[in-house]
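Chemist: Handing you this structure, nothing more for now.
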């Protein structure tokens, strides 16, 4: 200790210096530098890698598919949120654990304000880490050639969820400053996420849509490729989560130690604001309805966001041309190869498509893709292929199943083409339609023996046990007779009877 | 008077830690002596506006701490070193002192120089970038003193400030106290009578929550003369004599 008397209250800052940041920001800066939050980031990064990133790589390389697991179902939030809450609780309990409460209380700045600075730094670290992890993941996706637009709205939802987790954990630490609060906050956060997931899988409408891991109505396989990610539900969810964050931070300002009467009144007002935001979000979610492109909340909906994304298709195929969205370029050759045999079989028949184009799938509120038929329309007729509705894209296409083989892809594609051609829509079709379809498939290289399983999987995914039967019975007998005819005879019969067949007016005994 | 206490009482359940203390303290260094459990820390915590009194009146720097705006003004002019200094182990010396300077509402532009001056005054300039977890107990005590004086307080409350300081540091500390005491009121709670004798202009002795002596160190010394009380130094004998009388 020196005895020299130094001026403890120096003269005002010298002129010409840059303006110094306000006290609050300087507090945040100190807290940022010394926050223990980075200590837990390696653990979170490892979790992120194993739980959020790796499972997504087994999906087809399209953004809405690879991110459906980690963003749509909220696994990134599950990986980051509870640990961030635990660490925030540890930090929030700091003054209680470290015995600095007296020292801090004896200062004029309201304790709540100082705590907000501490929370701000904590939240900044957590949110920044979340964004960096998500950014690195997307950069890696881009490096791998994943196509489409990343679901930025859902990244924002995740960041807001992390913010809410840090706020809740921090407040728990402030209100219950002991060493057990951190593990309890982390465990509580994890439990909440599990409950959120369970409720989310079950409830597909109402307030439950706001739960951070509810995947219903988030986005589907054509989002970011054929139509934009709708921001309606993300906005409502962010409002909900931000409201929770604000309200719990307000709770930290209620105890007498947090500050004077004005501070506590401000904290109470903050709670009201937070609860209002949360309540508004709940009200908005109750008005949500599923549109063909995603979840629409009328009060938040912008009609422009429902428009299809314009694109220049990529095309291939001689004779029968196939045109797809550029994001599906890698499947173009396979698709041409899959459709060509059926196209060849039906060429020249009335209503036979002259080309195939990709069409947007209809939004499905189920997890994953829902089966949707191909359709034939227009003049000249065009086969519309709702690629986004197919769960059998060749290559990696599932979280736990093996990659889809070319044979499976070919057979499914040909089935849907033949199904569209006989006019069966998304039903099994009449017996005559089934028989003609079977004959077409046989001619296109799908043996009768494999067809019952194929039909059951593609057209009756929820068929009860005992599952697909054998290729026997009157339908397959008629199909075998029809397929055995010379191509010219089949062709001539179809020219005459195709309209009636499509209208469901042909019975099985009328088949030659 | 910078400190005016009237019938101040603080109870913790059935225990009365401070029992009707009345005290008036002006500028200078004021020593608060007493055995363990005498109520010194509770009294200091009340004066630091950390602990509200159970009853009685308190006026600090001419303001009533019960009123929030006035309490805030008091705190702005207050320096406080608690008996058990809590600290954030990851902070450096400078960051810790800066943190409290900012909490004390110091103008941001003045903070860096004030922090540097406070750290310099407690002799830790060479350790300003060291993390607190790497410092010895005595150094931590000095960090605590630095945060207490960083805002150039008008009322400085120090609870056992010399605990853990080596003799050389104690001497320097007393000099610093005298220097600060020329402009401000410094209340030093201690059970080390040599600190009182060397630095204080006035002293009060507490026992069982009450003030049993209030005067100058010389007057306290005089109370021990010829009393036969135990003690190695005259002030210690005065301390023992007053305590013995109070207990009798």
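Protein chains in written order, with this note's numbering: chain A, 127 to 638; chain B, 10 to 257.
Beta carbons are placed, not taken as given, at the ideal position from N, Cα and C, and that holds for glycine.
Only a predicted model underlies this, so the values are computations on that prediction, with no experimental measurement involved.
Please look up how many angstroms separate the CB atoms of residue 296 of chain A and residue 238 of chain A, rounded, as I've assumed it's under 8 Å.
Modeler: Within the first chain, the letter at position 170 stands for residue 296 of chain A. Within the first chain, the letter at position 112 stands for residue 238 of chain A. No, residue 296 of chain A and residue 238 of chain A are not in contact; Cβ-Cβ is about 12 Å, not under 8 Å.
Chemist: Name the DSSP beta bridge partners of residue 482 of chain A, please?
Modeler: For the purposes of this step, residue 482 of chain A is taken as residue 356 along the first chain, with counting starting at 1. According to DSSP, which records beta bridges pairwise, residue 482 of chain A is partnered with A/448, A/509.
Chemist: Of all the CB atoms in chain B, is at least one closer than 8 Å to the CB of residue 230 of chain A?
Modeler: By 1-based counting over the first chain, the position of residue 230 of chain A is 104. Answer yes: the Cβ-Cβ gap between residue 230 of chain A and chain B drops below 8 Å somewhere.
Chemist: Just by C-beta distance, which residues in the region 76-89 of chain B are closer than 7 Å to chain A?
Modeler: Residues passing the 7 Å Cβ filter: 77, 81, 84, 85, 87, 89.
Chemist: Could you give the DSSP three-state label for residue 421 of chain A: helix, strand or coil?
Modeler: In the first chain, residue 421 of chain A corresponds to position 295, counting from 1. Three-state result, residue 421 of chain A: strand.
Chemist: Return helix, strand or coil for residue 47 of chain B, following the three-state DSSP convention.
Modeler: The count along the second chain starts at 1 and reaches residue 47 of chain B at position 38. Coil, per DSSP.
Chemist: Give every residue of the same chain whose Cβ lies closer than 7 Å to the Cβ of residue 125 of chain A, excluding the five residues on either side of it in the sequence, and list them in chain order.
Modeler: The displayed coordinates of chain A run from 127 to 638. Any statement about residue 125 of chain A would go beyond what the structure contains.
Chemist: Over what stretch of residues does the beta strand (DSSP E) that includes residue 215 of chain B continue unbroken?
Modeler: Here the question's residue 215 of chain B lines up with position 206 in the second chain. Per DSSP, residue 215 of chain B belongs to the beta strand (DSSP E) from 211-216.
Chemist: Would residue 233 of chain A and residue 23 of chain B be called neighbours here (beta carbons separated by less than 8 Å)?
Modeler: Your numbering for residue 233 of chain A matches position 107 in the first chain. Your numbering for residue 23 of chain B matches position 14 in the second chain. Taking 8 Å as the Cβ cut-off, residue 233 of chain A and residue 23 of chain B do not qualify as a contacting pair.
Chemist: Is it buried or exposed for residue 64 of chain B, if we count other Cβ within 10 angstroms and need 16 for buried?
Modeler: Counting from one through the second chain, the residue named residue 64 of chain B turns up at place 55. Exposed: under 16 other Cβ atoms inside 10 Å.
Chemist: What whole-angstrom Cβ distance do residue 84 of chain A and residue 450 of chain A have, given they're in contact under 8 Å?
Modeler: Since the first residue shown for chain A is 127 and the last is 638, residue 84 of chain A is missing from the structure and cannot be characterised.
Chemist: Can we say the region 616-630 of chain A touches the region 577-586 of chain A, given the rule of at least three CB pairs closer than 8 Å?
Modeler: With the cut-off at 8 Å, the region 616-630 of chain A and the region 577-586 of chain A do not touch.
Chemist: Indicate whether at least one CB of chain A lies closer than 8 Å to the CB of residue 216 of chain B.
Modeler: Locating residue 216 of chain B in the second chain gives position 207, counting from the first residue. No, residue 216 of chain B does not count as interfacial toward chain A.
Chemist: Along the chain, where does the alpha helix (DSSP H) that runs through residue 245 of chain B open and close?
Modeler: Counting from 1 along the second chain, the entry for residue 245 of chain B is found at position 236. Its alpha helix (DSSP H) spans residues 243-256.
Chemist: Using a C-beta cutoff of 8 Å, does residue 97 of chain B count as contacting chain A?
Modeler: In the second chain, counting from the first residue as 1, residue 97 of chain B sits at position 88. Chain A contact via Cβ: present.
Chemist: Please identify, using Cβ separations under 9 Å, the residues of the region 211-226 of chain A that lie next to chain B, in order along the chain.
Modeler: Listed in sequence order: 220, 221, 223, 224, 225, 226.
Chemist: Where does residue 82 of chain B sit, in a helix, a strand or coil, going by DSSP?
Modeler: The residue you call residue 82 of chain B lines up with position 73 of the second chain. Three-state result, residue 82 of chain B: helix.
Chemist: For residue 401 of chain A, go through chain B and note every residue whose CB falls closer than 9 Å to its CB, in chain order.
Modeler: As a position in the first chain, residue 401 of chain A is number 275, starting the count at 1. The premise fails here: residue 401 of chain A is roughly 26 Å from chain B at the closest Cβ pair, so nothing lies under 9 Å.
Chemist: Runs of 3 residues minimum, wholly inside the region 368-447 of chain A: which ones carry the beta strand (DSSP E) assignment?
Modeler: The region 368-447 of chain A contains these whole beta strand (DSSP E) runs: 440-442.
Chemist: Can you pull the chain B residues whose beta carbon is under 8 Å from the beta carbon of residue 386 of chain A, in chain order?
Modeler: Within the first chain, residue 386 of chain A is the residue found at index 260, counting from 1. The contacting residues are 77, 78, 80, 81.
Chemist: Does chain B have any CB closer than 8 Å to the CB of residue 381 of chain A?
Modeler: On the first chain, position 255 is the one that residue 381 of chain A refers to. By this cut-off, residue 381 of chain A is not an interface position.
Chemist: Starting from residue 138 of chain B, find everything on chain A with Cβ-Cβ shorter than 7 Å and list it in chain order.
Modeler: Here residue 138 of chain B refers to the residue found at position 129 of the second chain. In chain order: nothing, as chain A lies at least about 12 Å away.
Chemist: Since residue 28 of chain B is in the beta strand (DSSP E), which residue starts that stretch and which ends it?
Modeler: For the purposes of this step, residue 28 of chain B is taken as the residue at position 19 of the second chain. Unbroken beta strand (DSSP E) run through residue 28 of chain B: 24-34.
Chemist: I need the boundaries of the alpha helix (DSSP H) containing residue 157 of chain A, first residue and last residue.
Modeler: Counted from its first residue, the first chain places residue 157 of chain A at position 31. From DSSP, the alpha helix (DSSP H) with residue 157 of chain A extends over 149-160.
Chemist: Whole angstroms are fine: how far does the CA of residue 190 of chain B sit from the CA of residue 221 of chain B?
Modeler: Locating residue 221 of chain B in the second chain gives position 212, where the first residue counts as 1. Locating residue 190 of chain B in the second chain gives position 181, where the first residue counts as 1. In a straight line, the C-alpha of residue 221 of chain B is about 24 Å away from that of residue 190 of chain B.
Chemist: Please list the terminal residues of the continuous beta strand (DSSP E) segment that includes residue 19 of chain B.
Modeler: Locating residue 19 of chain B in the second chain gives position 10, counting from the first residue. Where residue 19 of chain B is concerned, the enclosing beta strand (DSSP E) stretches over 12-21.
Chemist: Would you say residue 107 of chain B faces chain A, with C-beta separation under 8 Å as the test?
Modeler: Walking along the second chain from the start, residue 107 of chain B turns up at place 98. For residue 107 of chain B, the answer is yes, since a Cβ of chain A falls inside 8 Å of its Cβ.
Chemist: With three or more C-beta pairs closer than 8 Å as the rule, is the region 499-507 of chain A touching the region 469-480 of chain A?
Modeler: Judged by Cβ distances under 8 Å, the region 469-480 of chain A makes contact with the region 499-507 of chain A, as three or more pairs qualify.
Chemist: Report yes or no: do the region 169-187 of chain A and the region 317-336 of chain A share at least 3 C-beta pairs separated by less than 8 Å?
Modeler: They do not touch, by the three-pair rule.
Chemist: In chain order, what are the residue ranges of uninterrupted beta strand (DSSP E) at least 3 long that sit wholly in the region 75-131 of chain B?
Modeler: With a minimum length of 3 residues, the continuous beta strand (DSSP E) runs that stay inside the region 75-131 of chain B are 87-90.
Chemist: Between the region 154-177 of chain A and chain B, which residues of the former have CB atoms less than 9 Å from a CB of the latter, in chain order?
Modeler: Going along the region 154-177 of chain A in chain order, one finds 156, 157, 159, 160, 161, 162 with a Cβ nearer than 9 Å to chain B.
Chemist: Taking only beta carbons into account, state which residues of the region 231-256 of chain A come closer than 8 Å to chain B, listed in chain order.
Modeler: Correct list: 231, 232, 233, 234, 235, 240.
Chemist: Are the region 171-190 of chain B and the region 114-126 of chain B in contact at 8 Å, needing three or more beta carbon pairs?
Modeler: The answer is no - the region 114-126 of chain B does not touch the region 171-190 of chain B, with fewer than three Cβ pairs under 8 Å.
Chemist: Per DSSP, which residues does residue 189 of chain B bridge with? Please list them.
Modeler: Here residue 189 of chain B corresponds to residue number 180 of the second chain, with the count starting at 1. According to DSSP, which records beta bridges pairwise, residue 189 of chain B is partnered with nothing at all.
Chemist: Got a sec: is the Cβ-Cβ distance from residue 176 of chain B to anything in chain A below 8 Å?
Modeler: For the purposes of this step, residue 176 of chain B is taken as residue 167 along the second chain, with counting starting at 1. By this cut-off, residue 176 of chain B is not an interface position.
Chemist: Roughly how many angstroms lie between the CA atoms of residue 166 of chain B and residue 110 of chain B, to the nearest whole one?
Modeler: Here residue 166 of chain B is taken as the residue at index 157 of the second chain, counted from 1. Here residue 110 of chain B is taken as the residue at index 101 of the second chain, counted from 1. Taking the straight line from one Cα to the other gives about 16 Å.
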